[in-house]
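Chemist: Questions regarding the structure given below will be posed in turn.
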Amino acid sequence: MAGQPVNYSGQGFSLRGDKGRFVLPPAFRKAVAESSDDRILCLAKHDRWNCLTAFGLSRRDELANQIDREEERAIRLGQDFDRDLRAMQLYGFSELPFDASGRFVMPDHLAELGCMDQGVYFQGAGSFFTLWNPAELYRMGTGWEGAQAACRKLEAEAAAKGKKA
1 MAGQPVNYSG QGFSLRGDKG RFVLPPAFRK AVAESSDDRI LCLAKHDRWN
51 CLTAFGLSRR DELANQIDRE EERAIRLGQD FDRDLRAMQL YGFSELPFDA
101 SGRFVMPDHL AELGCMDQGV YFQGAGSFFT LWNPAELYRM GTGWEGAQAA
151 CRKLEAEAAA KGKKA
């Protein structure tokens with residue numbers, strides 16, 4: 001399946017667990033594994049939002065075309081476009097292994113860039129998905145109400161489950 005387009009949808013939540021690991025939700029875990037022919041999560045800072053962006057290895061094949069489209073659009077609109085900077089942003093992702101249960105260790109530099117601490121909210125976004133510190137997501141304005149509501153619900157469920165353990 002690697003090399004074929006993958007669409008990520010849905011939501012999930014993970015508290016930081018033992019050994020500082022987070023757990024990739026099952027729906028995302030399956031899609032990433034299938035798109036990578038392995039269990040490799042690609043993770044980078046989102047270029048506009050205060051969160052991280054994630055995808056499977058198959059998306060690498062789409063990045064050059066994405067840069068071409070963005071450059072053509074900028075030219076059409078008479079805007080500046082720094083192709084080298086955009087390439088660094090898109091190709092600067094880290095490849096993180098995750099186990100069969102979806103557990104992965106987030107590197108410190110990415111945790112810092114994404115303001116990640118104790119909990120991560122996952123939000124599907126088509127060809128990628130985002131990872132949010134709930135506090136950062138709650139600061140987003142109009143248009144984010146659905147994701148914010150889902151995050152609140154999943155965060156409360158995870159906290160209640162954590163107290164029972």
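Residue numbers for the sequence shown follow UniProt numbering, so the first one is 1 and each next one is one higher.
Glycine residues also receive a C-beta, built at the ideal position from the N, C-alpha and C atoms.
On a predicted model such as this, the values are computed, not experimentally measured, just so you know.
#1: So, for G102: in the same chain, excluding its five sequence neighbours on each side, which residues have a beta-carbon less than 6 Å away from its beta-carbon?
#2: Sort L63, C51 and L85 by Cα distance to M140 and report the nearest one.
#3: Under the DSSP definition of a beta bridge, which residues are partnered with I40?
#4: Determine the extent of the alpha helix (DSSP H) in which Y138 is found, giving its start and end residues.
#5: Which runs of the alpha helix (DSSP H), 4 residues or longer, sit entirely within the segment 49 to 122?
#6: Considering only the beta carbon of each residue, do D158 and Q123 sit closer than 8 Å?
#7: Which value, in whole angstroms, describes the spacing of the CA atoms of L131 and G78?
#8: Start and end of the beta strand (DSSP E) containing G12?
Modeler: Looking at the atomic coordinates:
#1: V23, L24 and R29
#2: Nearest option by C-alpha distance: C51.
#3: P97
#4: P134 to Y138
#5: 60 to 77, 83 to 91 and 108 to 113
#6: Before going further, note that residue 158 is Ala rather than Asp in the sequence given. No, the Cβ-Cβ distance between A158 and Q123 is not below 8 Å.
#7: 32 Å
#8: Q11 to L15
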